[in-house]
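Residue numbers (our numbering), protein chains in the order written: chain A, 47 to 315; chain B, 47 to 315. Every residue gets a Cβ at the ideal spot worked out from N, C-alpha and C, and that includes glycine. Here's the structure, in structure tokens; my notes come after.
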DNA sequence: TATAAAGGTGAATCCGCAC
DNA sequence: AGTGCGGATTCACCTTTAT
């Protein structure tokens with residue numbers, strides 16, 4: 047059998063590409079799928095400026111049933127590609143995470159935590175009609191209830207949290223400023239680029255050096271960039287050629303680090 | 047038609063009882079359904095004392111399908127009983143909230159917020175195998191996407207939050223100490239009693255004085271107790287006679303307050 | 001050059017009523 | 001049902017421009 051690819055960006059439809067990869071070839075999955083936001087009208091701030099909406103074609107679905115079918119397809123492939131001691135992270139908002147979570151349970155995943163990304167600088171609710179939506183939700187799951195072993199660097203996380211056990215609420219800022227990748231027009235290159243700090247915590251908590259991390263919705267490559275910085279191998283899949291080009295350039299600019307190493311003992315469930 | 051009941055505890059199966067109530071008779075629903083926790087083994091503290099787990103008979107379901115069917119049944123009745131300008135709150139943990147949320151969307155509910163109850167004093171993960179599970183999730187939803195109007199006391203919430211817009215993350219302590227109702231044996235009377243502070247925020251944010259609040263899983267009556275203190279009418283449904291007895295006694299001990307009043311202008315969607 | 005003021009922006013399911 | 005208008009509505013950053 048041919049060895050699985052590593053440290054590579056595959057450009058194309060993630061479901062089709064995952065079907066070409068062998069069973070049980072990755073240690074960790076991080077997935078940031080479309081949220082299916084269904085925004086109705088444009089939103090104006092109190093100062094009369096317009097909020098840049100997420101109106102990308104990749105976030106459009108005909109209905110909930112087609113979103114569900116899409117979710118089952120890519121999630122099922124992720125489960126097949128995961129090693130039997132691997133885990134998966136999926137991030138979403140209240141628009142999609144409940145459907146995604148229910149489908150994960152249906153496919154046999156067994157949840158370890160729901161983790162709340164509490165944004166330190168969220169956009170307010172300008173009209174005063176709801177509570178400020180300051181969070182996104184991550185689901186961390188193993189492949190099955192029966193799974194005996196998975197990687198969790200408990201002590202590293204505890205040390206990161208001033209010596210106290212780390213909770214499932216993470217206060218991390220939005221990706222802005224120099225970290226946010228801009229296009230030639232000076233606008234953000236991707237609507238939903240995630241902060242590296244978020245991926246840093248995910249990858250360092252739940253994988254070892256030398257592990258393979260798969261991201262089926264690679265976007266501008268945050269997962270690959272952080273994986274490379276942390277000495278993990280990575281596989282990125284991205285449908286949009288422009289996003290893929292940006293991601294490849296971004297990751298190529300990061301220097302390769304030394305050989306694999308294990309820094310903490312894995313937890314068992 | 048007979049007027050709907052008010053300020054009353056109905057003892058029995060919530061689905062059967064809700065079916066006897068007329069359409070559109072309540073302004074607000076708060077529901078804390080069984081969590082379907084699937085604890086495989088008893089949880090043991092490091093000092094070998096046993097943690098009282100949620101293993102009551104009412105929390106067992108054969109499988110995910112029966113939990114879904116149960117959820118659709120009670121949730122559908124709640125939707126029928128809600129007025130067309132009403133909203134519903136449902137609380138759950140990562141064990142059940144994803145299924146509950148997906149079913150709510152399927153039934154036509156339109157989400158306003160997911161609210162994170164961030165416990166200030168959560169139980170640690172004794173074995174160091176996961177992140178501390180410090181949260182529960184509430185879904186706040188209106189009946190349909192087309193719904194034009196609902197109650198939200200934006201300014202009251204803002205005032206409660208030092209003059210800044212309140213976020214969807216609420217730091218509230220677990221229900222302990224004197225507030226936690228004990229049985230004759232000195233043990234907690236109910237395994238999942240919610241803090242009154244949580245219900246206070248829910249009810250004061252999304253209802254007016256004189257409104258009717260329905261809780262189909264009344265337990266020891268926290269919703270009714272807070273509703274009475276805030277000058278709201280309430281309808282509680284509880285299957286367990288002992289819980290119902292405790293709840294009735296608890297609410298009877300609260301003095302009736304003055305006549306209805308509106309303290310803030312309702313938001314419109 | 002240092003400090004202050006002004007401007008920009010973030011996965012957003014963000015108005016109600018009269019005509 | 002669509003349109004138009006009155007009125008109420010924002011937080012934490014970072015970047016750019018002005019003093």
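Min CB distance residue i to chain A below 8 Å
i, result
"residue 164 of chain B", "yes"
"residue 145 of chain B", "yes"
"residue 110 of chain B", "yes"
"residue 118 of chain B", "no"
"residue 226 of chain B", "no"
"residue 157 of chain B", "yes"
"residue 303 of chain B", "no"
"residue 148 of chain B", "yes"
"residue 121 of chain B", "no"
Short CB-CB distance (under 8 Å) between residue i and chain B
i, result
"residue 195 of chain A", "no"
"residue 213 of chain A", "yes"
"residue 154 of chain A", "no"
"residue 160 of chain A", "yes"
"residue 64 of chain A", "no"
"residue 205 of chain A", "no"
"residue 298 of chain A", "no"
"residue 87 of chain A", "no"
"residue 176 of chain A", "yes"
"residue 135 of chain A", "no"
"residue 82 of chain A", "no"
"residue 179 of chain A", "yes"
"residue 140 of chain A", "yes"
"residue 200 of chain A", "yes"
"residue 79 of chain A", "no"
"residue 171 of chain A", "yes"
Anticipated Cβ contact below 8 Å, residue i with residue j, distance rounded
i, j, result
"residue 270 of chain A", "residue 236 of chain A", "About 14 Å; that fails the 8 Å criterion."
"residue 60 of chain B", "residue 263 of chain B", "7 Å"
"residue 131 of chain A", "residue 196 of chain A", "6 Å"
"residue 233 of chain A", "residue 226 of chain A", "Not really, about 10 Å apart at Cβ, beyond 8 Å."
"residue 220 of chain B", "residue 167 of chain B", "5 Å"
"residue 164 of chain A", "residue 180 of chain A", "6 Å"
"residue 78 of chain A", "residue 240 of chain A", "6 Å"
"residue 129 of chain B", "residue 70 of chain B", "5 Å"
"residue 291 of chain A", "residue 267 of chain A", "Actually they do not touch by this definition, with Cβ atoms about 10 Å apart."
"residue 223 of chain B", "residue 182 of chain B", "Going by Cβ atoms, the distance from residue 223 of chain B to residue 182 of chain B rounds to 19 Å, so no, they are not a contact pair."
"residue 245 of chain A", "residue 116 of chain A", "Not quite, the Cβ-Cβ distance comes to about 23 Å (not below 8 Å), so this is no contact."
CB contact flag (residue i, residue j, <8 Å)
i, j, result
"residue 184 of chain A", "residue 215 of chain A", "no"
"residue 28 of chain B", "residue 74 of chain B", "As displayed, chain B neither begins before 47 nor continues past 315, which places residue 28 of chain B out of reach and without an answer."
"residue 172 of chain A", "residue 92 of chain A", "yes"
"residue 83 of chain A", "residue 284 of chain A", "no"
"residue 50 of chain A", "residue 68 of chain A", "yes"
"residue 273 of chain B", "residue 249 of chain B", "yes"
"residue 155 of chain B", "residue 125 of chain B", "yes"
"residue 157 of chain B", "residue 140 of chain A", "yes"
"residue 218 of chain A", "residue 243 of chain A", "yes"
"residue 287 of chain A", "residue 57 of chain A", "yes"
"residue 169 of chain A", "residue 149 of chain A", "no"
"residue 282 of chain A", "residue 293 of chain A", "yes"
"residue 153 of chain B", "residue 151 of chain A", "no"
"residue 211 of chain A", "residue 204 of chain A", "yes"
Residues that residue i bridges to, as DSSP identifies them
i, result
"residue 149 of chain A", "None; residue 149 of chain A has no bridge partner."
"residue 217 of chain A", "A:164"
"residue 261 of chain A", "A:282"
"residue 134 of chain B", "B:75, B:187"
"residue 266 of chain A", "Residue 266 of chain A is not bridged to any residue."
"residue 54 of chain B", "B:281"
"residue 128 of chain B", "B:72"
"residue 156 of chain A", "A:188"
"residue 182 of chain B", "B:163"
"residue 228 of chain B", "B:234"
"residue 96 of chain A", "A:90"
Q. Is there contact between the region 272 to 283 of chain B and the region 246 to 262 of chain B, where contact requires at least three CB pairs shorter than 8 Å?
A. yes
Do the region 88 to 107 of chain A and the region 143 to 163 of chain A make contact, defined as three or more Cβ pairs closer than 8 Å? no
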